[in-house]
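First residue of the sequence shown: 1, per our numbering; consecutive thereafter.
Input: a single structure, listed below in structure tokens.
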Amino acid sequence: MLHDRVRALLLCGLLGTLVGCTGADPERSPGEPAPGAAGIGDDYYPNAGNGGYDATGYDVSISYDPANGRLDGDTTVTARATQDLSRFNLDLRGLTVDSVEVDGGRAEFAREGDSELVVTPPEPVPEGSTFRTRVRYGGTPVDASAGQLGDNGWQRTPSGGAFALGEPHSAAYWYPVNEHPLDKAPFRLTTRVPEEWTAVSIGRQENTSTADGWTTTTWAEPNPVASYLTTVVIDRFTVERGELADGTPVLSAYAPGAAHLRDEGERVGEVIDFLSGEFGEYPQAVAGGIYLGADVGFSLETQGRPTYTRSADLETVVHELAHQWWGNAVSVRSWADICLNECLASYSQWLWAEGKQGDDLDARYHRAVDRFTGSQEFWSRKLYDMGPGHEFEGVYSKGILAVHALRRQIGEEAFDRVLREFPARHQDGNASWPQFEDFAARVAGQDLGGFFEAWFRGTEQPADEYLYPGSLSG
Ligand SMILES: [Zn+2]
Numbered sequence: 001m002l003h004d005r006v007r008a009l010l011l012c013g014l015l016g017t018l019v020g021c022t023g024a025d026p027e028r029s030p031g032e033p034a035p036g037a038a039g040i041g042d043d044y045y046p047n048a049g050n051g052g053y054d055a056t057g058y059d060v061s062i063s064y065d066p067a068n069g070r071l072d073g074d075t076t077v078t079a080r081a082t083q084d085l086s087r088f089n090l091d092l093r094g095l096t097v098d099s100v101e102v103d104g105g106r107a108e109f110a111r112e113g114d115s116e117l118v119v120t121p122p123e124p125v126p127e128g129s130t131f132r133t134r135v136r137y138g139g140t141p142v143d144a145s146a147g148q149l150g151d152n153g154w155q156r157t158p159s160g161g162a163f164a165l166g167e168p169h170s171a172a173y174w175y176p177v178n179e180h181p182l183d184k185a186p187f188r189l190t191t192r193v194p195e196e197w198t199a200v201s202i203g204r205q206e207n208t209s210t211a212d213g214w215t216t217t218t219w220a221e222p223n224p225v226a227s228y229l230t231t232v233v234i235d236r237f238t239v240e241r242g243e244l245a246d247g248t249p250v251l252s253a254y255a256p257g258a259a260h261l262r263d264e265g266e267r268v269g270e271v272i273d274f275l276s277g278e279f280g281e282y283p284q285a286v287a288g289g290i291y292l293g294a295d296v297g298f299s300l301e302t303q304g305r306p307t308y309t310r311s312a313d314l315e316t317v318v319h320e321l322a323h324q325w326w327g328n329a330v331s332v333r334s335w336a337d338i339c340l341n342e343c344l345a346s347y348s349q350w351l352w353a354e355g356k357q358g359d360d361l362d363a364r365y366h367r368a369v370d371r372f373t374g375s376q377e378f379w380s381r382k383l384y385d386m387g388p389g390h391e392f393e394g395v396y397s398k399g400i401l402a403v404h405a406l407r408r409q410i411g412e413e414a415f416d417r418v419l420r421e422f423p424a425r426h427q428d429g430n431a432s433w434p435q436f437e438d439f440a441a442r443v444a445g446q447d448l449g450g451f452f453e454a455w456f457r458g459t460e461q462p463a464d465e466y467l468y469p470g471s472l473s474g
């Protein structure tokens with residue numbers, strides 16, 4: 001995600017220590033079915049995600065009419081039970097649930113709080129078994145413009161369309177989901193909209209047909225995806241199709257009011273080429289972009305096909321495409337690890353400036369350090385374990401300097417290896433920020449404890465030995 005001109009500030013209050021994802025009650029007797037936990041274990045989002053199962057696939061189907069704003073949904077979540085389940089939760093915000101089935105049998109259900117759909121299957125689900133939960137639902141989806149989340153959730157476009165976008169929570173506003181990056185799964189979506197509208201999502205476009213004035217389209221994302229990286233956007237799009245040199249399909253969708261972003265959209269292949277040289281082979285099945293005619297305050301790295309606010313620029317495109325490695329291929333284990341996404345995606349903007357424009361990054365670094373020397377506000381922003389509500393304050397600015405200092409601390413060869421090998425090692429999975437630190441130290445053959453403490457956990461300007469390593473000391 002990149003906020004307009006690094007205002008950086010909106011989002012959420014998350015983070016915390018992950019305690020595991022099964023949520024089983026340690027007190028229960030072995031073999032006795034028990035409820036899955038209402039949260040996956042992220043301290044600052046106690047209700048985010050759910051315990052007791054691992055989602056292995058989503059098959060979401062929605063019908064949406066912009067004229068009346070009504071959404072009707074029919075979603076099947078396939079999952080593997082990680083405990084004997086007497087009942088389990090999905091996350092769903094707003095909307096009215098009409099029925100729930102588990103493996104074809106009618107299930108009882110209840111709503112709890114603002115995000116929990118509690119499902120009691122007709123029979124307990126045995127640990128290790130795969131089960132399918134089908135939810136039929138509908139209504140007018142809601143947004144979440146209040147509070148520190150900013151404009152997340154379901155929103156309308158200036159031309160009367162609609163879109164679902166936001167981090168950390170946006171999926172539960174339009175389909176039932178295990179809403180946490182720790183539980184990634186392949187995603188399939190069928191959209192049905194009046195024929196004068198076009199729906200665009202992530203993944204490969206598989207089928208489109210029009211009948212009785214409605215257009216039905218299927219999208220399939222084969223790679224596991226964190227739920228905040230899914231989206232659907234309904235607008236009067238102009239759609240351009242092409243492919244990357246290796247045959248990866250490119251789909252760029254420009255909403256009314258986004259025509260000025262075509263120059264950026266046409267450079268997606270060039271940007272991916274450049275980033276592949278830094279981070280290794282492009283890890284996603286598709287490429288392109290969804291260009292909104294609305295100023296939503298941020299752009300988001302929706303998988304393979306980022307969604308851009310209308311004030312995005314080329315640097316935004318570089319940032320969101322860098323996330324296809326940092327955040328999407330490898331995803332955070334908890335929201336405390338957000339620097340793994342944002343510090344690295346932000347540093348890609350410097351790599352681009354260096355590689356494409358010949359910028360002297362050491363000079364840029366010195367100018368920034370000089371500018372912020374003495375600024376308690378700048379240096380007090382922690383990059384890891386930053387506290388709820390502060391996740392996005394330092395990662396776009398101090399985070400860039402920290403990654404550049406790391407590069408000079410460990411040298412070009414080790415830095416290149418870290419950038420290329422870490423996302424590949426964790427592709428389609430998750431990693432924590434401490435795992436990144438351990439990996440960098442191992443590759444470099446250095447004890448980086450003091451360095452990481454000063455830059456990523458500290459609240460003061462790092463001592464000169466960490467501030468000016470390697471060529472920065474000259
Ligand atoms: Zn970002």
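In this text, a Cβ means the ideal position worked out from N, Cα and C, and glycines have one as well.
heavy atom of ligand 1 below 7 Å from L229 C-beta: No - ligand 1 has no heavy atom lying nearer than 7 Å to the Cβ of L229.
Cβ-heavy atom distance, V323 to ligand 1, below 7 Å: The amino acid at residue 323 is misidentified as Val; the sequence shows His. For H323, the distance from the CB to the nearest heavy atom of ligand 1 is below 7 Å.
Check: H390 C-beta below 7 Å from any heavy atom of ligand 1: H390: no, Cβ never under 7 Å from ligand 1.
Cβ-heavy atom distance, N152 to ligand 1, below 7 Å: No, since every heavy atom of ligand 1 falls outside the 7 Å radius drawn around the Cβ of N152.
Proximity below 8 Å, CB of R204 to CB of A226: No, Cβ-Cβ distance for R204 and A226 is not below 8 Å.
Straight-line Cα distance separating A67 from F279: If you take the alpha carbons of F279 and A67, they lie about 44 Å apart.
Contact test: E278 Cβ vs ligand 1 heavy atom, cutoff 7 Å: Incorrect: E278 has no Cβ contact closer than 7 Å to ligand 1.
Cα-Cα separation between Q461 and H366, rounded to whole angstroms: Straight-line Cα distance between these residues: approximately 13 Å.
Backbone CA spacing between A164 and V233 [nearest angstrom]: Straight-line Cα distance between these residues: approximately 7 Å.
Local Cβ density within 10 Å of G289, reported as buried at 16 or more and exposed below that: Classification of G289: buried, given that the 10 Å Cβ count is 16 or more.
Three-state secondary structure (DSSP) of L321: Looking at L321 - three-state DSSP - the assignment turns out to be helix.
Separation of E270 from A336, as counted between CA atoms: The alpha-carbon of A336 is positioned some 32 Å away from that of E270.
Coil, strand or helix - G257 by DSSP: Note: G257 maps to coil in three-state DSSP.
Beta-carbon proximity check, T75 vs I202, cutoff 8 Å: With respect to I202, T75 sits apart: the two C-beta atoms are not nearer than 8 Å.
Sequence-distant residues of its chain with Cβ nearer than 6 Å to V100 (five each side left out): The beta carbon of V100 lies closer than 6 Å to those of A107, F109, V119, V135 in the same chain, with the five residues before and after it left out.
Close Cβ partners of A463 (< 7 Å) along its chain, the five nearest in sequence each way excluded: Leaving aside the five residues that flank A463 on each side, the residues in its chain whose CB is nearer than 7 Å to its CB run, in chain order, A454.
T190 and D235 closer than 8 Å at C-beta: No Cβ-Cβ contact shorter than 8 Å links T190 with D235.
Cα-Cα separation, E127 to P35: E127 and P35 have their C-alpha atoms spaced approximately 12 Å apart.
Where A414 falls: helix, strand or coil (DSSP): When secondary structure is reduced to three states using DSSP, A414 falls in the helix class.
Burial state of R188 (16 or more Cβ within 10 Å): Counting other Cβ atoms within 10 Å of its Cβ, R188 reaches 16 or more and is therefore classed as buried.
Test item: CB-CB of I62 and G73 under 8 Å: Using a Cβ distance threshold of 8 Å, I62 and G73 count as a contacting pair.
Alpha-carbon to alpha-carbon, V332 and G429: Roughly 9 Å separates the two Cα atoms.
Within 8 Å, strictly: CB atoms of L2 and E320: Pairing L2 with E320 gives a Cβ-Cβ distance under 8 Å.
Beta-carbon proximity check, I410 vs A444, cutoff 8 Å: Inclusion of I410 and A444 in the CB contact set at 8 Å is warranted, their separation being smaller than that value.
Near ligand 1: L2 beta-carbon under 7 Å from a heavy atom: Yes, since a heavy atom of ligand 1 falls inside the 7 Å radius drawn around the Cβ of L2.
Those residues which DSSP pairs with L85 across a bridge: L85 pairs with A34, V125.
Classification of S299 by the beta-carbon crowding that lies within 10 angstroms, buried from 16 upward: Label assigned to S299: buried.
Simplified DSSP assignment, three categories, for T316: Helix, per DSSP.
Option nearest R420 by Cα separation, candidates G277, L467, R457, L292: For R420, the closest C-alpha among the options G277, L467, R457, L292 is that of G277.
Straight-line gap, Y64 to L71 (C-alpha atoms, nearest Å): About 5 Å.
Contacting residues, own chain, Cβ-Cβ under 7 Å from A8 (five flanking each side not counted): At A8, the pLDDT of 33 sits below 50, so the modelled position is not reliable; the number obtained from the coordinates is stated separately. So the list reads F392, E393, Y396, once near-sequence residues are dropped.
Range of the contiguous beta strand (DSSP E) that encloses Q155: In the DSSP annotation of this structure, the continuous segment of the beta strand (DSSP E) that includes Q155 starts and ends at 152-156.
Uninterrupted alpha helix (DSSP H) stretches inside the region 405-465 (no shorter than 4 residues): Within the region 405-465, the complete alpha helix (DSSP H) runs of at least 4 residues are 412-425, 433-444, 449-452.
E342 CB to nearest heavy atom of ligand 1 below 7 Å: In this structure, E342 has its CB closer than 7 Å to one or more heavy atoms of ligand 1.
Status (buried if at least 16 other CB within 10 Å, exposed otherwise) for T309: Burial state of T309 is buried, judged by a 10 Å Cβ sphere holding 16 or more other Cβ atoms.
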